[in-house]
Amino acid sequence: MKSIRLRAGKERSLQRRHPWVFEGSIDKGGADPGETVRVEAADGRFLAWGAYSPKSMIRVRAWSFDEAERIDAAFFQRRVERAVALRARLPIASDGQRLVHGEADGLPGLVVDRYGDALCTQFGAAGTERWKTVIADALLAATGTERIYERSDTSVRALEGLAPATGWLRGEGGTELTIREHDWQLTLDLASGHKTGYYLDQRDNRALFAEAVRHHGCQQVLNCYSYTGGFSVAALAGGAAEVTSVDSSAPALARAEAHVRLNGFDAARHRSADADVNRFLRDSLAEGRRYDAIVLDPPKFAPTAAHAERAARAYKDINRLALMLLAPGGLLFTFSCSGGIGAELFHKIVAGAAIDAGADGAILRRLEGAPDHPTTLLFPEGEYLKGLVILRS
Ligand code: SAH
1 MKSIRLRAGK ERSLQRRHPW VFEGSIDKGG ADPGETVRVE AADGRFLAWG
51 AYSPKSMIRV RAWSFDEAER IDAAFFQRRV ERAVALRARL PIASDGQRLV
101 HGEADGLPGL VVDRYGDALC TQFGAAGTER WKTVIADALL AATGTERIYE
151 RSDTSVRALE GLAPATGWLR GEGGTELTIR EHDWQLTLDL ASGHKTGYYL
201 DQRDNRALFA EAVRHHGCQQ VLNCYSYTGG FSVAALAGGA AEVTSVDSSA
251 PALARAEAHV RLNGFDAARH RSADADVNRF LRDSLAEGRR YDAIVLDPPK
301 FAPTAAHAER AARAYKDINR LALMLLAPGG LLFTFSCSGG IGAELFHKIV
351 AGAAIDAGAD GAILRRLEGA PDHPTTLLFP EGEYLKGLVI LRS
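Letter by letter, the sequence shown follows residues 1 to 393 in the numbering used here.
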């Protein structure tokens, strides 16, 4: 077993059971991509078993802090079973579920989503890549499913020195699937959808949106960055008279339109706009439009804290425009999925947008990702999705 020796004083983070070892903390040692290493303090004390990744800034991701634990097929079976068992205890109103959420489930770099009888995986780090076959077997055993599609085409693979990999890892068949979310049917394509096909993390916020649209009697609804229209279907279910989905992806909008019909809503109540959201909001203002409810769910503007400043300006801009477009008493559901922007900073950004918009409002709720995307006590970096529900005064 190869060892990685840390510099003096660099053991603190692992002692707090945080799973990452950065390049700069290492004194000596090395291994092959994904190989299991013993990470030890400067004085040789055991700290963790981890996966070595020679190209990554995150040079080791810890598998276990227990010296007696062996990193073998049984280890991955235990971790996968634990993750699946957790979901079984959570209130998840869908057969689309995140089964493994990386570090939060003790499996750094691994994402597994379940869509009905198919799983979709992302192997995002050298360690998960090395154990891919073992992990695939463990997933099939723990879930009773027979099909796994791989979507290891995220940009983080490049940072790990890994080439993209996509396709059926186990089983085969069509990649077009239908899931049930709350009372709705939604479709996705494992092969061409964003991420693993769908944004499961917004599930509960969509239900809250439907409820809010109903409660406040919102008639004109604007869903910005709609993707395949999850929030649009929610708005229609909540009784909105007219919903507009805005996205820059034509295939996503085509699917949003199909979702309106699939769920039995009159297609005349839905309009889609293939446009840049910022442009669309400005044009709508110029045209004197007003909305009773607006969703802003943009892509990640700030992947890390280093991008926070530019991202903050972009968030502020769209929030300012959205607040100006809201009728008095209107609702804003505004989100950020940027790891580099914390909840407190996001609050400040939206407050700044309100000042510039000449608007004020009450924060009705603070939102986060659905519980199958857990944030753990020991890994705060896992917290990425945050949102505010604002009632404009
Ligand atoms: N709210 C969605 C998920 C949004 S993901 C849901 O509930 O499923 C972000 C979306 O923003 C993607 O669909 C992407 O195509 C779109 N997008 C990214 N940049 C955009 C831009 N500048 N203007 C419009 N849409 C954009």
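Glycine residues also receive a C-beta, built at the ideal position from the N, C-alpha and C atoms. These numbers were taken from a predicted model, which means no experiment stands behind them.
For this session: Report the three-state DSSP secondary structure of tyrosine 315 (helix, strand or coil).
Result: Secondary structure of tyrosine 315 (DSSP, three-state): helix.
**Request:** State the Cα-Cα distance for the pair arginine 98 and arginine 70, rounded to the nearest angstrom.
**Result:** The alpha-carbon atoms of arginine 98 and arginine 70 are separated by roughly 26 angstroms.
Exercise for the section: May I ask you to report which of helix, strand or coil DSSP gives alanine 394? Expected result: Lying outside 1 to 393, the shown extent of the chain, residue 394 is not represented and no answer is given.
| Taking C-beta to C-beta, are alanine 235 and cysteine 218 nearer than 9 angstroms? | For the 9 angstroms CB-CB criterion, alanine 235 and cysteine 218 form a contact.
- Query: By the 10 Å Cβ neighbour count, where 16 or more other Cβ atoms means buried, how is histidine 373 classified, buried or exposed?
  - Reply: Taking a 10 Å sphere around the C-beta of histidine 373, we find 16 or more other C-beta atoms and assign the residue as buried.
beta-carbon proline 33 near the ligand NAD non-hydrogen atom, thresh 8 angstroms | With respect to the ligand NAD, the structure offers nothing, as its ligand set consists of the ligand SAH.
Cβ distance (whole Å) where phenylalanine 335 is taken to contact leucine 296 below 8 angstroms
Confirmed, about 6 angstroms.
Threshold first: 3 residues or longer. Then list the beta strand (DSSP E) segments lying entirely within the region 178-206, N to C. Within the region 178-206, complete beta strand (DSSP E) segments of at least 3 residues are found at 184-189, given in chain order.
Can you tell me whether aspartate 105 is helix, strand or coil according to DSSP? Three-state DSSP puts aspartate 105 in a helix.
Requested in this report: Thinking aspartate 105 and alanine 88 are a contact (beta carbons under 8 angstroms), I'd like their distance in whole angstroms, please.
Outcome: Not really, about 13 angstroms apart at Cβ, beyond 8 angstroms.
| task | Could you check which residue in Pro298, Thr143, Thr121 has the C-alpha nearest to that of tyrosine 384? | result | The shortest C-alpha separation from tyrosine 384 is found at Pro298.
Can you give me the C-alpha to C-alpha distance between phenylalanine 265 and leucine 159, rounded to a whole angstrom? For phenylalanine 265 and leucine 159, the distance between alpha carbons rounds to 44 angstroms.
Pull up the distance between the alpha-carbon of alanine 136 and that of arginine 79, whole angstroms please. Near 13 angstroms, if we compare the C-alpha coordinates of arginine 79 and alanine 136.
Serine 53 versus glutamine 122: straight-line alpha-carbon distance, rounded: Distance between the alpha carbons of serine 53 and glutamine 122 is about 17 angstroms.
### Task
Determine the contact status of leucine 119 and arginine 157, defining contact as a CB-CB distance below 9 angstroms.
It is not a contact, given that the beta carbons lie outside the stated cut-off.
> By Cβ distance, which residues of its chain are closer than 6 angstroms to leucine 169, with the 5 residues on each side in sequence left out?
Replying inline: Apart from sequence neighbours up to five positions away, the residues of its chain that approach leucine 169 with a beta-carbon distance below 6 angstroms are Ala136, Ile148, Glu150, ordered along the chain.
> Taking the Cβ atom as the reference point for each residue, do glycine 342 and threonine 304 lie within a distance shorter than 9 angstroms?
Replying inline: Their beta carbons are not under 9 angstroms apart, which means glycine 342 does not touch threonine 304 by this criterion.
Notebook entry, point to check: Taking the C-alpha atoms as reference points, what is the distance between arginine 269 and alanine 254?
Noted result: The C-alpha of arginine 269 lies about 15 angstroms from the C-alpha of alanine 254.
Exercise. Could you tell me whether the region 273-283 touches the region 125-145, where touching means 3 or more Cβ pairs closer than 8 angstroms?
Key: Of all C-beta pairs linking the region 273-283 to the region 125-145, fewer than three are shorter than 8 angstroms, placing the two stretches out of contact.
| Under the three-state DSSP convention, the category proline 395 falls into | The structure shown does not extend to residue 395, since the chain spans only 1 to 393, so no value can be given for it.
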